[in-house]
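The numbering of the sequence shown is this note's numbering, which starts it at 927 and goes up by one.
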Amino acid sequence: TFLDRSAQGFRMDPRRPARGFVRIRFEIDPSGSVQKYRVLEASSDLHARKAEEIVSGLRLPPPPDGGFAAEQSFNFR
């Protein structure tokens, strides 16, 4: 739901970047917080910063098996 709310806010932001994409890797710690993240690929620095902003704000329930790592792609339209 956080990503849904972030996407809705992003669509309403007049400063949003033009079309583009980002692929980002991030780690969630046992408490459900983002421990670290790294942009793997991006169409521009602006897109990369926006994806970092979204991922760094994630707060998830504690994962059942402790932490985990994931990759996520963002397509900006």
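We treat Cβ as the ideally placed atom computed from N, Cα and C, and that holds for glycine.
Model, not experiment: these values are computed from the prediction.
| Item | Value |
| --- | --- |
| Beta carbon of residue 951 nearer than 8 Å to that of residue 966 | yes |
| Three-state secondary structure (DSSP) of residue 945 | coil |
| Nearest-angstrom Cβ-Cβ length linking residue 983 and residue 955, presumed shorter than 8 Å | About 15 Å; that fails the 8 Å criterion. |
| C-beta contact flag for residue 949 and residue 997 at 8 Å | yes |
| First through last residue of the beta strand (DSSP E) which encompasses residue 964 | 960–968 |
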